[in-house]
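Position one of the sequence shown corresponds to residue 2 (my numbering), numbered consecutively onward. Don't be surprised by glycine CBs; every beta carbon is placed ideally from N, CA and C.
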Amino acid sequence: MQPGTITQALTSACRGIDRVDARLLLQHVLDVEHAFLLTHPDKVLTSQQTDEFSRLVKRRSEGMPVAYLIGRRDFYDLTFKVTEAVLIPRPETELLVELALKLIPDNQFCKVLDLGTGSGAIAITIAKHRPQSQITAIDLSSEAISVSRWNTANLEVNNISLRTGSWFDELSGEKFDLIVSNPPYVAENDPHLQQGDLRFEPQMALSTGNNGLACIRHIIATAPDYLVNNGWLLLEHGYDQAAACRRLLGDRDFSNICSYPDLAGIMRVSGGQLNFIM
Ligand code: GLN
């Protein structure tokens, strides 16, 4: 690409990639907001900016997700650093956060556990909105924990404790009022794993055995040992896993079992409340 104006750079990029992606990449290279691009269409890029933009456009045309190229993604009302070590936060996961916030009273101390925290998007958003609560966030990947640690510091959250570990393994004896998780739930042989952005995301965070239910099964089976009486478990799951999740919750004597639809109308989160039989 030859150095040219903002309009020329975007026009040229749009021959190979989506217009919104081109805009986000150019905003990143120029370190400006969308409004700047709109109000400075004739601004000429330096040759360094042009080279960097061309490099990013090429990588996007090869499939690399925009969030990894610019190193960030908006989620709920915050912006998170993302690297290839973590799943890119998705809009449907905001449902899990919304439901969690409804269960956590505003001015009350609550202990919340986020399993498989990745970038920390779920845990940090809950922590930011419920400063009286204490959140524990766990991930098997120490690289993911580094990213969530960075986000915690950058967003100035101090009611989170981050730990590396497998699901509940590091938590002996602790009890929580609410456990949330967006675990891997795509079946290992699902062809979507070989398509689009999913090809570039950590497979460990996306897919699991038992038709995508292995982690969900483990979490539902084990969660009762880590919940207080009347504590809640909320899980994100695949488009066709709501009934299976509700059945598994019922098998473990959860009550108030319910599934909730995302904005696309797909049952995306299921959960229940643990009532010990006295
Ligand atoms: N919602 C993601 C997808 O299907 C999967 C996220 C997950 O496995 N937790 O693209």
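Run of the alpha helix (DSSP H) containing residue i, from where it starts to where it stops
i: G251; result: A243 to D252
i: Q135; result: No alpha helix (DSSP H) holds Q135; the beta strand (DSSP E) holding it covers Q135 to D140.
i: N212; result: G210 to G213
i: L207; result: Q204 to L207
Segment limits, beta strand (DSSP E) that includes residue i
i: M268; result: M268 to L275
i: T80; result: L79 to K82
Simplified DSSP state of residue i, which is helix, strand or coil
i: R73; result: strand
i: A265; result: coil
i: F169; result: coil
i: V229; result: strand
i: K176; result: coil
i: T12; result: helix
i: L194; result: helix
i: R164; result: strand
i: I258; result: strand
i: L234; result: strand
i: A145; result: helix
i: A86; result: coil
At least 3 beta-carbon pairs within less than 8 Å: the region 40–51 vs the region 65–82: no
Complete runs of the alpha helix (DSSP H) confined to the region 93–142 [at least 4 residues]: 94–104 and 122–130
The region 225–243 in contact with the region 269–278 per 3-pair CB rule at 8 Å: Taking a cut-off of 8 Å for Cβ pairs, the region 225–243 and the region 269–278 touch, as three or more such pairs fall below it.
contact_flag[the region 94–113, the region 208–215] where n(CB pairs < 8 Å) is 3 or more: With the rule of 3 Cβ pairs closer than 8 Å, the region 94–113 does not count as touching the region 208–215.
Within the region 9–66, ranges of the alpha helix (DSSP H) (whole runs, at least 4 residues): Entirely contained in the region 9–66, the alpha helix (DSSP H) runs reaching 4 residues are, in chain order, 20–31, 35–40 and 48–62.
Touching by the beta-carbon criterion (3+ pairs, under 8 Å), the region 176–186 and the region 216–235: yes
The region 122–139 / the region 152–162 touching (three or more Cβ pairs under 8 Å): yes
Meets three-Cβ-pair contact criterion under 8 Å: the region 110–119 and the region 134–144: Yes, the region 110–119 is in contact with the region 134–144.
Segment contact, 8 Å Cβ cut-off, at least three pairs: the region 67–75 with the region 18–28: yes
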